[in-house]
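Be aware that the sequence shown starts at 57, since it is given in the numbering used here, and climbs by one per residue. All residues carry an ideal CB built from backbone N, CA and C; glycine is no exception.
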Amino acid sequence: MEEIKIEPAEEKQLNFLEEIVERDLAEGRHKSILTRFPPEPNGYLHIGHAKSICLNFGLAKKYGGKTNLRFDDTNPAKEDVEYVDSIKEDVKWLGFDWANEFYASDYFEQLYIWAQELIKKGLAYVDDQSQEEIRLNRGSVTQAGKPSPFRNRSVEENLLLFAGMREGKYAEGERVLRAKIDMGHSNMLMRDPILYRIIYAHHHRTGDKWCIYPMYDYAHGQSDSLENITHSICTLEFDVHRPLYDWFIEKLEIFQSRQFEFARLNLTYTVMSKRKLLELVKNNFVTGWDDARMPTICGLRRRGFTPESIRLFADKVGVAKRDNIIDLSLLEWCVREDLNKRSNRYMAVLNPVKLTISNFPEGETEYFNAPVNPENPEAGSRKIPFSKDLLIEKEDFMEEPSKKYFRLKPGGEVRLKYSYIIKCEEIVKDNNGEIVEIICTYDPSTKPGVGEWRSVKGTIHWVSASHSKETEVRLFDRLFTEPDMDSIPEDKDYKDFLNPKSLEIVTAHVEPDLFADKSIVPVQFERLGYFIKDSDSTGDKFIYNRTVGLKSNFSA
Ligand code: ATP
Ligand code: MG
């Protein structure tokens, strides 16, 4: 995955949506373009939505157009203001501004009037069949549907019954309003689709004003049209809905928004259905929507992903017309790419073993200079305390190493990063044979910046035991163990594939300056990866989340 090609922006080919927009503008079909991002406020946004946001806002921005944020709030039972608020926060955080904030529920009255108009044109009718009858009579792909016995009601009767539906005269499921199209249509969605159903539920915006609610297909295209959306971009599964989208617009003779479909984003080791993510939250498989292992935008934010890295990812993924699955490591590559330029560096030891410098004076401290960020000279330098008692990573020492092992070994030398070359003289073990202390000598002539530079093959990170501070560190692995979560066997549940080792908590010893760090992006713990301070931290307890390792940090 490290070999991802970066093409200079100007050499990039237009994607098919950009081609369409350029043609529409060139032909004068539209003076400017207007897109929309239309989330249903029934959950938190995830990385798939981020793709759609970047696409809709990005396309408009590129061609001097605008984008509306429209809440598709036509299903009161599942929706909530909590979700509305989180969606706005996440879109803003990603770096986008909407031209208008709209709600499909703002259009309920107009949609109702248009439904009456369809009735008057003989293009809609009230059906008394049960849901089950409607389903059965719809037929199948190979068999035409059976017209409802209520299909030929008079306009007057339909208007009266529809008004009665609105007034709450009937029970849920007793009646629906359907479009009158073609029960033999090859596209099942065109076989008299339902426009309205009765739901007695409190709506987070319209309260109890309505007890009939429009179906997605009826509400969506008309909302687009009301807002003069020029390019209504949605995911591929809606391509069979397009004839219906166009049918309503044509029959109602309203602004001709057009729908275009692109492939939804799928990621390896990830589920993205809001229903499943909600279930993970409700059943405490994760700590919340913003658990740092979640693919939600708030989860990624808490994990340390930056808006820049997510926008870069959306760009790299591109716009496809066919479904595919993107490697999670591309997302990680993008955040490394961004953070490498911006992160302040510190040293931290996650799994420590004591290392004593036998020939360094007891109680003395020496300070070494190191760059805060070698990629950015303006970030300045930091001072790292060195003393007789140090800590290094257990895995940076091997008693019986292979030939290719260049870190510390008995009798061997390494350089302590920014500091001296040391030599391992002796190891101390406890009763169980565990190494508890490594005794080394240092070579004073190898002080950086003094005398001639001497090279050794290995360089390891370290901290001074008494100067370092303890902090909790959360290390993450993939939330699921299966790469393609969309093709798990029928008899299995996606939760069977939850990774029991997706979270590991350790106590790290870190360079003291970390605690004064003011950066807003994650810091780099040298050789270990990028880490961000978690919101669970308190005044005296620091908690860091590992955003990502410097290389892929997944267990094999
Ligand atoms: P879910 O099925 O999980 O509830 P959804 O598609 O119904 O997701 P919406 O809130 O309706 O969620 O989505 C808002 C917009 O985001 C839609 O235009 C939808 O096409 C787009 N979107 C949702 N998921 C993805 C994805 N994985 N990749 C790209 N776009 C997506
Ligand atoms: Mg949806």
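In this structure, the C-beta of P94 approaches the ligand ATP to less than 8 Å from one of its heavy atoms. Closest in C-alpha terms to F361, from the list V577, I599, L233 and K465, comes V577. Judged by the Cβ position, I289 qualifies as a neighbour of the ligand ATP at the 8 Å threshold, a heavy atom of the ligand being closer than this. For M244 and F304, the gap between their C-alpha atoms comes out near 16 Å. Shown here for F311: same chain residues with a beta carbon closer than 6 Å to its own, the five before and five after excluded, namely S281 and N284 in chain order.
Counting along the chain, the unbroken beta strand (DSSP E) around P408 starts and ends at P408 to I413. Membership of R79 in the alpha helix (DSSP H) is indicated by the continuous run F72 to A82.
In terms of Cβ geometry, M271 and Y301 do not form a close pair [threshold 9 Å]. Per DSSP, the unbroken alpha helix (DSSP H) holding E212 starts and ends at V211 to E223.
If you check the CB distance, D146 and L115 do not come in under 9 Å. Scanning the segment 135 to 182 from its first residue to its last, the whole beta strand (DSSP E) runs of 3-plus residues come out as 157 to 159. In this chain, the alpha helix (DSSP H) harbouring R191 covers Q187 to N193. With a contact defined as Cβ atoms closer than 8 Å, E567 and A404 qualify at about 7 Å. The secondary-structure analysis by DSSP pairs P132 with nothing; it has no beta-bridge partner. In terms of side-chain proximity, the C-beta atom of S329 is found nearer than 8 Å to a non-hydrogen atom of the ligand ATP. If the five residues before and after P539 are omitted, its C-beta is found closer than 7 Å to the C-beta atoms of T324 and Y325, all from its own chain and listed in chain order.
Going by DSSP, K557 is part of no alpha helix (DSSP H) at all; its letter is neither H nor E. If you look at F113, you'll find it in the alpha helix (DSSP H) that goes I103 to K118. Contact annotation: D394 and E364 have beta-carbon atoms nearer than 9 Å. In the three-state DSSP reduction, F442 falls in the strand class (E or B). Judged by DSSP in its simplified three-state form, K68 adopts coil rather than helix or strand. A contact is defined here as three or more CB-CB pairs under 8 Å, and the segment 458 to 470 fails this definition with respect to the segment 417 to 436.
The beta carbon of L334 sits closer than 7 Å to those of G99, all from its chain and outside the five residues before and after it, given in chain order.
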